[in-house]
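Q: Below you will find the structure I want to go over with you.
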Amino acid sequence: MLIHTALYPKFHCTQKVKSVNSSVSESTTLKDVPFHSQMQNELNQLKKGVKDPLSSSNKFCFCCSRRHFMAALGAAALLPIHPSHASDVLSPADSMAMLNRLHPPRPDWYEEFYATAMNTSMKSYEVEIEGYKSELFANLRGQAKQILEIGIGTGPNLKYYASEGGTSVYGVDPNRKMEKYAQAAAETAGLPAANFKFLHAVSESLPLRDASVDAVIGTLVLCSVADVNLTLQEVRRVLKPGGIYLFVEHVAAADGTALRFVQGLLDPLQQAVADGCHFTRKTGKNISEAGFSNVDSRQVVLSTASLINPHIIGIARN
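To convert, note that position 119 of the sequence shown is 119 in the UniProt record's numbering; the numbers rise steadily by one, no gaps.
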C-alpha cells in the first residue's frame, strides 16, 4: 500500500533516473533465506498432516523491524474459486486462520479509516500515473480472461482492464473494508457483478488452484506484504504457463543519495502509519530473481509520490 505523504515534509528528488530494461533469459530460483526456508518446511509438514496450523509453535520474528510469521500457511488446503461456486472457497475458519498469521487483525475503525483514506487521498497520484498504467494494462487486451489482482484495495486499476467482455476478476486484499470500494469500482468499470469476487486473504497464501489465471496484477503491494519472495512464488504458482504478471511498485532510492537516507530514517514510522509499507525494499531484485522466464521493467520518478520514489513498472512472464 501507499503512504500518506501529508505526514512527511515534502522531499524532492533531484537525481535523474534512467529507464532500465532487464531480461532474464533463464529461469532462476529463489535465493535461500532463513525465513523463506523455514516457511517452506512448515508448509511441507502441513501437507503431510504432521503439523497443526494452529499449534503453539507459531512464532514471531522481529529481527527486521516487522512481523514475520513462522507458522505454516496451509497452502495444501487451498481450493480453486469461481464466481458461481461458493463451495470452492476455503471455509471461513480456515481462511481466517491463515489470514491472521500474516495480517493480524486490526481494529475495525482503523481498517475503515485506512480504506476511506486510500479511496479519497490518492487522486493526484492516480492522475500522474494514469499514462503509465494505461500503457501497462494494454498488454491484457485480448490476452487475459481470468485475472487476479493482489492487494486490490479500493480498485483503482479496474477501469483499465475490467470492461473487456468475458473478463473475470478475483481481487485479494487483507482489509475487508476495501471490499465495498472495490465492488463499486468494478461496477463503474462495467464489470458484471457475477464476474467479480473479492477475497479476504493474503497474497502469500492465495486461495486459487495452480495455473488457474491468465494474468496477475499488483500495484503498490510488495512494499507491504509480510514475505515478498513467498508472494512472488504464489504469483507464479497461480499463473498459467506463459501468463503475465503486471507490476507497479515503489522501491528504495539509490544507495548514497539524500532520498535514500531520508527513506531509511523514516522507514519505521512509515510501517506504523501506512499498514506495514516499507520505503527501503529492493523489489526489482526480488522480481528478477523469482524464476520468471522473462522480466521487462523500467524505472520512473513521480512528482506526486514524494518519498516513495523511484517506481518500477513492468511485465514478468511465467
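The beta carbon of each residue, even a glycine, is placed where N, CA and C say it ideally should be.
These numbers come from a predicted model, not from an experiment.
#1: CB T280 to CB Q263, shorter than 8 Å?
#2: Take the Cβ of F113 as the centre, count every other Cβ of all protein chains shown within 10 Å, and call the residue buried at 16 or more, exposed below.
#3: Could you check which residue in N309, P207, D255, R236 has the C-alpha nearest to that of L99?
#4: At the level of alpha carbons, what is the spacing between S203 and H311?
#5: Taking Cβ positions, are R317 and G242 nearer each other than 8 Å?
#6: Would you report the Cα separation of G314 and K133, rounded to the nearest angstrom?
#7: Indicate the three-state DSSP secondary structure (helix, strand or coil) for I129 in the structure shown.
#8: Around the C-beta of P105, are 16 or more other C-beta atoms found within 10 angstroms, so that it is buried, or is it exposed?
#9: Enumerate, from N- to C-terminal direction, the unbroken alpha helix (DSSP H) stretches of 4 or more residues contained entirely within the UniProt domain "Methyltransferase type 11" (148-247).
#10: Mapping the DSSP letters down to three states, classify D296 as helix, strand or coil.
#11: Assess contact between the segment 217-227 and the segment 184-197, defined as three or more Cβ pairs (one per stretch) separated by less than 8 Å. Is contact present?
#12: How many angstroms separate the CA atom of Q271 from the CA atom of L259?
#13: Using a Cβ-Cβ cutoff of less than 6 Å, which residues in the same chain neighbour G166 once the five nearest sequence positions on both sides are dropped?
#14: Would L158 and A185 qualify as a contact pair, given that the criterion is a beta-carbon distance under 8 Å?
#15: Please list the terminal residues of the continuous beta strand (DSSP E) segment that includes R317.
#16: For the alpha helix (DSSP H) containing Q263, name the first residue and the last one.
#17: By how many angstroms is the C-alpha of L266 removed from the C-alpha of K180?
#18: Let me check one thing: in DSSP terms, what residues is E249 bridge-paired to?
#19: Count the other CB atoms, across all protein chains shown, that sit within 10 Å of the CB of V228; report buried if there are 16 or more and exposed otherwise.
#20: Between V301 and R236, what straight-line distance do the alpha-carbon atoms span, to the nearest angstrom?
#21: Buried or exposed for F137, going by 16 or more other Cβ atoms inside 10 Å?
A: The structure says:
#1: yes
#2: exposed
#3: P207
#4: 20 Å
#5: yes
#6: 10 Å
#7: helix
#8: exposed
#9: 158-161, 179-188, 228-238
#10: strand
#11: no
#12: 17 Å
#13: K145
#14: yes
#15: 311-317
#16: 258-273
#17: 32 Å
#18: I312
#19: buried
#20: 28 Å
#21: buried
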